[in-house]
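Data first, discussion second: the structure below is written as structure tokens.
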């Protein structure tokens, strides 16, 4: 009976649509450029260059002219140029997904990504026009990573493994279930992201971010250990679980270094110093990777768990699943 | 709920947001940073008799070893030439520079004419000259850029309106003023993050900023009991009471200690 249940679950979650290598590679490219954009954004904040270009949507009065890239302008305008490119990639990704992907929810996911990048651009503009208010700047930081996660998931959902693999369903009787744990991991990471952004943008003290780091460490360690003990035979779960654990350890170390360089040693610094810039930018970048990896783990765990959800594909698009 | 009702609600929400934004902007304008020509000067009250006017002067000192000045790295902009040291605490032989000294209490409801001459902030060598400026509310400030690079001038006040404007090399001076009193109002350049200065805005003309020798002098005060405040950007504020009789010329020194 469990075998039948597993087989049924596997069939329900198999996508049975052809893999499109070009579309998948484009999604991976879009995710990579988005990661670069997050680094560029972190460089703007770390170098205190957020208002070095005082106008928006123009830069020094022009929509297309590249200003002299010195001082803070180098960071701010580069960030704007990469952001424009990501916006352009998102339009292509949304249109391509809408036209080529038979999964209705994927069409919506592509449009969601486009909506998020537009909202993100507007938030970025508002930070400039309202002189970096902590709430808007933090929302800009949080939405950046949300958009990154969505594009990473589009890359996963268009990948060969997702498209062609028959999911091996593994039952999980322990409570809370691994699906619950992965969702809890995303929640605590998201709270951590907001607390970190609020601290970085002078809206909150450092200690809520540091206290929540302990909660994040416990929840993520619990999730990854459960995933590795129960799903170790499934590559699609084991890999993100190991990656998540490694990234979490790296992130804790980077957080400690960022705290030392910026809070403990750098609070009287007369300008942003290289150690504080490098450590905080790396902390933001690894944080984005950690959140995206946890999101990937969550969808992979869902896919390999007996959860009563299924991917809906219009019957006319459904093709036989390869054995 | 049908689509028309949804559409009407969306339009109403949008109008509400726009109204909120425009209201905020009006509020900002009321706080004002426009040149003093747009600020209605309050009528001056009973004039001070020059024959009885008193003065107060003194030296501000710093006890203990002065912190070593931090050298600023300006390599990210080749147009920023010369040496630049942080001016957070500038103490020479125990004499503390850049301390804002003003009459905090004792002048009652007196009002004073705003000087017609503008005071100047100069951006030269990718640093502000002076590092600490004092002006009256509504007094014009002329901001110049003598560097071969673009700066942006960005005050981050608590009580006045915030603004952020760029100024290319050889551009015409920018004229601004602050409508409300504010002590140690930070001004920075986001293109060159080490560039910081402070503007002090008060309603009276009785203020001074200590020079490199730590000295200050405030002239033309009517006889009376006053509280003098000494404010340093990092070390904070200290006060002293002083009583001035007609034609008095008193010395009031003040000492700061390392934190």
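Residue numbers (my numbering), protein chains in the order written: chain R, 4 to 326; chain B, 447 to 705.
Every residue gets a Cβ at the ideal spot worked out from N, C-alpha and C, and that includes glycine.
Fair warning: this is a prediction, and the values are worked out from it, not measured in the lab.
Residue pairing by DSSP puts residue 581(B) in a beta bridge opposite 647(B).
Residue 525(B) is positioned such that its CB atom lies no closer than 9 Å to that of residue 602(B). Within the stretch 555 to 632 of chain B, the complete beta strand (DSSP E) runs of at least 3 residues fall at 565 to 570, 573 to 575, 578 to 582, 587 to 591, 597 to 601, 611 to 613, 620 to 622. Assignment of residue 538(B) by DSSP, reduced to helix, strand and coil, places it in the strand class. With distances taken between CA atoms, residue 164(R) lies nearest to 303(R) out of 309(R), 303(R), 308(R). If you check the CB distance, residue 294(R) and residue 123(R) do not come in under 9 Å. If you ignore the 5 residues before and after residue 614(B), its C-beta comes within less than 8 Å of the C-beta of 591, 596, all in its own chain and listed in chain order. Per DSSP, the continuous alpha helix (DSSP H) segment holding residue 227(R) begins and ends at 210 to 233.
Under the criterion of beta carbons closer than 8 Å, residue 702(B) and residue 542(B) qualify as touching, at roughly 6 Å. Approximately 6 Å separates the beta-carbon atoms of residue 292(R) and residue 250(R); this is inside 8 Å, confirming the contact. Identification of chain R residues near residue 600(B) by a Cβ-Cβ cut-off of 7 Å yields 54, ordered along the chain. Around residue 134(R), the beta-carbon contacts reaching into chain B at under 9 Å are 600, 602, 608, 609, 610. By the C-beta criterion, the stretch 45 to 55 of chain R is judged to be in contact with the stretch 278 to 287 of chain R, since at least 3 inter-stretch pairs fall below 8 Å. Residue 224(R) and residue 197(R) have their C-alpha atoms roughly 21 Å apart. At least one CB of chain B lies nearer than 9 Å to the CB of residue 271(R). Taking CB atoms only, residue 57(R) has a neighbour in chain B less than 9 Å away.
Shown here, residue 130(R) sits in a helix according to DSSP, grouped into three states.
Remark: C-beta atoms of residue 73(R) and residue 637(B) approach each other more closely than 9 Å. Short of 7 Å from the beta carbon of residue 243(R), and not among the five residues preceding or following it, lie these beta carbons of its own chain, in chain order: 296, 299, 300, 303.
Taking one beta carbon from each stretch, the stretch 499 to 507 of chain B and the stretch 666 to 677 of chain B have 3 or more pairs nearer than 8 Å; the two touch. Fully enclosed beta strand (DSSP E) runs of no fewer than 3 residues are not present anywhere in the stretch 133 to 174 of chain R. When the beta-carbon positions are compared, residue 646(B) and residue 546(B) come within less than 9 Å of each other. Judged by their CB atoms, residue 117(R) and residue 97(R) are nearer to each other than the 9 Å cut-off. In the three-state scheme derived from DSSP, where H, G and I count as helix and E and B as strand, residue 705(B) is classed as coil. Under the Cβ criterion (8 Å, minimum of three pairs), the stretch 57 to 64 of chain R counts as touching the stretch 130 to 137 of chain R. Here the stretch 527 to 538 of chain B does not lie against the stretch 615 to 631 of chain B, with fewer than 3 beta-carbon pairs under 8 Å apart. Secondary structure note for residue 503(B): its beta strand (DSSP E) is the uninterrupted segment 500 to 509.
Measuring C-alpha to C-alpha distances from residue 171(R) to each of 22(R), 27(R), 241(R) identifies 241(R) as the nearest. If you ignore the 5 residues before and after residue 642(B), its C-beta comes within less than 6 Å of the C-beta of 634, all in its own chain and listed in chain order. The Cβ atoms of residue 513(B) and residue 704(B) lie closer than 9 Å to each other.
At the C-beta level, residue 508(B) and residue 657(B) stay beyond 9 Å of one another. A direct Cα-to-Cα measurement between residue 138(R) and residue 284(R) gives close to 20 Å. Taking CB atoms only, residue 75(R) has a neighbour in chain B less than 9 Å away.
Distance between residue 216(R) and residue 258(R), taken at the CA atoms: about 9 Å.
Residue environment: residue 219(R) is assigned as buried (16 or more neighbouring CB atoms within 10 Å of its CB, all protein chains considered). DSSP places residue 671(B) inside the beta strand (DSSP E), whose first and last residues are 670 to 678.
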